[in-house]
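Following my numbering, the numbering of the sequence shown begins with 27 at its first residue and continues without gaps.
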Amino acid sequence: MSKIEINRIIELRGLIHLYNTQYYIHSNSVISDFEFDQLLKELEQLELKHPETNDPNSPTKRVGGDITKSFETVSHKYPMLSLSNSYSKDDIAEFDQRVKKIIDVPYSYVCELKYDGVAISITYKDGKLLKAITRGDGTQGEDVTNNVRTISSIPLVLSGDYPKNLEVRGEIMYSKLAFKELNQNRENEGLPLFSNPRNSASGTLKLQDSSIVAKRKLDCFLYSVFFDDGRINKVFEQYKYLGNFGFKTPSISKRYVETVKNVDGIMSFINYWEEKRNNLPFEIDGIVVKINETNIQKEIGNTSKSPRWAIAYKYKAIQVSTVLEEIVYQVGRTGAITPVANLKPVMISGTIVKRASVHNSDQIKKLDLRINDVVFVEKGGEIIPKITGVNFSERSPSSNAHSFINNCPECNSILVRDDDQAHHYCLNSNLCPPQIKGKLIHFIGRKQLNIDGIGQETIEQLYNEKLIENVADLYSLNKEDLLPIDRMAEKSVDNIINGIQASKSAPFHKVLFGLGIRYVGETVAKKLTSYFKDINHLRSSSFEELCNIDEVGEKIAESLVEYFSLDYNNKIIDELLDQGLQMKSDHSSNVVKSNILKNKKIVISGIFENVSREELKSIIETNGGKNVSTVTKATDILIAGDNMGPSKIEKAKEFNISIMKENDFLSLINYNEKSSDSNQYKQGQLF
């Protein structure tokens, strides 16, 4: 009898997976809701009776129930790159011209809708869903597998001739109807409404209780599939494979995706959906344009952040009018003063808007903003909507021009604005509370020290209790300090202490980024820590030496020199060193394989035929050389590609620097393309 029941479990799972696919992917009701519910109930009862048959991809798992206390950070096998955005059709035409200059063979484009949701990467093994990871920073994301399993339009088990290992990518989002129903339910329960579908989808994926996720009716379009066997030659072929495997894909018949031959076809697609987009059952914020041929994608390559073979065109925002009730001022981590307009609440494209950015004093003067003005507001690519104008016909005759503040709203210090700066600044960086807290919050962030157990609210508490005033103070905290604080149970305190101790192993570039030095973002921090072997060499470097580092310009160099000139900052760095934080470079991720280019400073310029610029940079580093961005007397080699500007060539000749063509350079270091172990340019969609 037991064997018969186990076979029935297998049969029921197959049937329910099939009916799910027909209903959610193909909009085809094969059986009635009652019949479906009866099959699901039968399966649930049999699985309870036979726990040895437990399968995380059983249809019964769609209802959720698993609790995820923390979301593990997982590295992407292939980077999930972001797209370059444009709001101008001229930019699309320029993109097409750039492609034509590089490519002299026939090619086509694929145009897709740009879904306003959350990017996801899903891997399958032997046809079963294995892991789902958010985009994160493009290199690492969070494992949200339990929650993704509850989304009905994502198959738990694949159909068709699928490969043993498969990675697909797509966008998780709400339909307009599902989002409306979600907010209606929250209103009925007296809960605050979600402001927009994208943020709600992102937050829902991070919920600890997957049963709540299951009730929220998230949806997913899959638009990218990755094969290791190179079976795809064109992007458009992906949709055939994805559909055969049981995925929900953008509709070709509804023109959600199509191939075009040239820029005229792109413009036709853009114009069509600019007119029709409000009729879609889901939100989009633009159009994605990709080169269709994958071999050409590989030839064009990527930047560190985005593919060169694709671009996103974003539609201009819808404009509404409302009343400007107040202008308040915020102090940022760097001391920048940002005016923010408080508005009479208004709805824009499904989002409730209460605030808008005013950017700086110049913007206030340019728009002539006054309290109680009726203003025009739009929400484009920015997170915070912006004011674009004033309805002067409705202005009160008694209104007064708004005066920008002279003193910091938090510490009352005199504000300063240099001629070349857009913002006013509070220079009291070590005593101004929002700046102090901003630095602390930045330091603990996921891309910086990633300290588990501590968030913005905890930082506020610790600062208000006068337990911390700078980032080094975090490492002096103990249980006796923390236990008396409100809502600090012993387990929470243990998590905080353990998180702080664990952060001491964070690599040098994360610590440097965490210090919050002005203009030193994640990418620049990585460049600096790959150039300098430790913090002492970095903080003793000259302005000229810093300017010579790849992607470090004069503004960044000046900021670094100023930062390290202050005793207060050096004292904090010394305290962090004493606490055991990593302030030395670990070059194990880019192991030097030879010393052919030892200590050689090399500039790369132009477009290359056999390798991309990023591959060239990696080749230089693994052969002992250093990438620099500017040709100076200290430069040893200029690698000259096609279509490079004349200025670098002229400088190289002036300083008698060796100028090498791509093939000459690759021959010098005995480069063999087939031996390259880089995954960056293997066939497939990387975002």
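In this text, a Cβ means the ideal position worked out from N, Cα and C, and glycines have one as well. These figures come from a predicted structure and were not determined experimentally.
- [ ] Could you work out which residue in G167, T414 and K517 is closest to V144 when comparing CA atoms only?
- [x] With distances taken between Cα atoms, V144 lies closest to G167.
Open item on the list: Below 8 Å, how does it come out for the stretch 167-185 and the stretch 352-364: are there three or more Cβ pairs, yes or no?
Closed with: No, because fewer than three Cβ pairs between the stretch 167-185 and the stretch 352-364 fall closer than 8 Å, the two stretches do not touch.
Task: C-alpha gap between D163 and I685, whole angstroms - done: Near 36 Å, if we compare the C-alpha coordinates of I685 and D163.
Task: Bounding residues of the alpha helix (DSSP H) (the contiguous stretch that carries R224) - done: Unbroken alpha helix (DSSP H) run through R224: P223 to L231.
Task: Cβ neighbours of F273 in the same chain (closer than 6 Å, five flanking residues each side left out) - done: For F273, where only same-chain residues beyond five positions count, the Cβ hits under 6 Å are L248.
- [ ] Pull up the distance between the alpha-carbon of K659 and that of K679, whole angstroms please.
- [x] Taking the straight line joining both Cα atoms gives about 10 Å.
TODO: Name the one or two DSSP bridge partners that N368 has.
DONE: In the DSSP output, where bridge partners are listed per residue, N368 has E352 and R381.
Open item on the list: Let's test the definition: count the other Cβ atoms within 10 Å of the Cβ of E676 and tell me whether it reaches 16, buried, or not, exposed.
Closed with: When all chains shown are included, E676 counts as exposed.
Task: Pair within 7 Å by beta-carbon distance, T661 and V629 - done: Closer than 7 Å, so yes.
Open item on the list: I need the DSSP call for S110, collapsed to helix, strand or coil.
Closed with: Coil.
Open item on the list: Once the 5 residues before and after K340 are set aside, which same chain residues still bring their CB inside 6 Å of it?
Closed with: Within the same chain, K340 has close Cβ partners N111, Y113, D311, G312 and G407.
Open item on the list: Tell me the DSSP secondary structure of A343 in three-state form.
Closed with: The three-state secondary structure of A343, taken from DSSP, is coil.
- [ ] Can you tell me which of the three DSSP states G464 falls into?
- [x] G464: helix per DSSP, three-state reduction.
Open item on the list: Based on DSSP bridge pairs, tell me the residues matched to N195.
Closed with: The sequence as given places Arg at residue 195; Asn does not occur at that position. Beta-bridge pairing links R195 to S147 and S250.
- [ ] Measure the C-alpha to C-alpha separation of T414 and M373 and round it to an integer number of angstroms.
- [x] Taking the straight line from one Cα to the other gives about 16 Å.
Open item on the list: Just verifying my parser: in three-state terms, what is the DSSP assignment at M514?
Closed with: The three-state reading of DSSP puts M514 in coil, since its state is none of H, G, I, E or B.
Open item on the list: For S387 and D399, what's the separation of their Cα atoms in angstroms?
Closed with: Taking C-alpha positions only, S387 is separated from D399 by approximately 17 Å.
TODO: For the alpha helix (DSSP H) containing S84, list its first residue and its last residue.
DONE: It is not in any alpha helix (DSSP H) - S84 carries neither H nor E in the DSSP assignment.
Task: Beta-bridge pairing of S28 - partner residues as DSSP gives them - done: Note: S28 sits in no beta bridge, so no partner.
Open item on the list: Taking the beta strand (DSSP E) that Y141 belongs to, which residues open and close that run?
Closed with: Counting along the chain, the beta strand (DSSP E) containing Y141 begins and ends at Y135 to Y141.
Task: Outcome for G710 when other beta-carbon atoms lying within 10 angstroms are tallied against a minimum of 16 - done: For G710, the predicted model reports a pLDDT of 38, less than 50, meaning its position is unreliable and no value from the coordinates is stated.
TODO: Identify, in the order they occur along the chain, each residue of the same chain with its Cβ nearer than 6 Å to the Cβ of K405, setting aside the five sequence neighbours on each side.
DONE: Correct list, in chain order: A343, I374 and P411.
Open item on the list: Give me the residue from S330, L488, Q323 and I477 with the minimum Cα distance to I11.
Closed with: What is shown of the chain runs 27 to 713, which leaves residue 11 out entirely.
TODO: Measure the beta-carbon distance from Q608 to A498 and round it to whole angstroms, keeping in mind my assumption that it falls under 8 Å.
DONE: Your pair Q608 and A498 does not check out as a contact, with CB atoms roughly 15 Å apart and the cut at 8 Å.
Task: Simplified DSSP state of S568, which is helix, strand or coil - done: Per DSSP, reduced to three states, the secondary structure at S568 is coil, with no helix or strand assignment.
Open item on the list: Tell me the residue span of the beta strand (DSSP E) that contains T658.
Closed with: For T658, there is no enclosing beta strand (DSSP E), as DSSP gives it neither H nor E.
- [ ] List in chain order: all unbroken alpha helix (DSSP H) runs of 4+ residues lying wholly within the stretch 467-521.
- [x] Complete alpha helix (DSSP H) runs here, min 4: 482-490 and 505-508.
Task: Reduced DSSP secondary structure (H/G/I, E/B, other) of I630 - done: For I630, the secondary structure class from DSSP, reduced to helix, strand or coil, is strand.
Open item on the list: Using only the alpha-carbon positions, how far apart do I622 and N653 sit?
Closed with: One C-alpha to the other measures close to 14 Å.
Open item on the list: Tell me whether the stretch 482-496 and the stretch 464-472 touch, counting them as touching only if at least three CB pairs, one residue from each stretch, are closer than 8 Å.
Closed with: In short, these stretches touch, since the Cβ pair count reaches three.
- [ ] Express the C-alpha separation of F62 and T86 in angstroms, rounding to a whole number.
- [x] Rounded to whole angstroms, T86 to F62 spans 12 Å at the Cα level.
Open item on the list: Three Cβ pairs or more, each shorter than 8 Å: is that satisfied between the stretch 188-204 and the stretch 135-154?
Closed with: Touching, yes.
- [ ] Decide if L74 is buried, meaning its Cβ has at least 16 other Cβ atoms within 10 Å, or exposed.
- [x] Result: exposed.
TODO: May I ask you to list the residues that DSSP assigns as paired with T99?
DONE: T99 is bridged to E168.
Open item on the list: Tell me the residue span of the alpha helix (DSSP H) that contains F295.
Closed with: For F295, the enclosing alpha helix (DSSP H) stretches over residues V289 to K302.
Task: Neighbour-count burial assignment, K206, 16 or more Cβ in a 10 Å radius - done: The residue is exposed, with fewer than 16 neighbouring Cβ atoms inside 10 Å.
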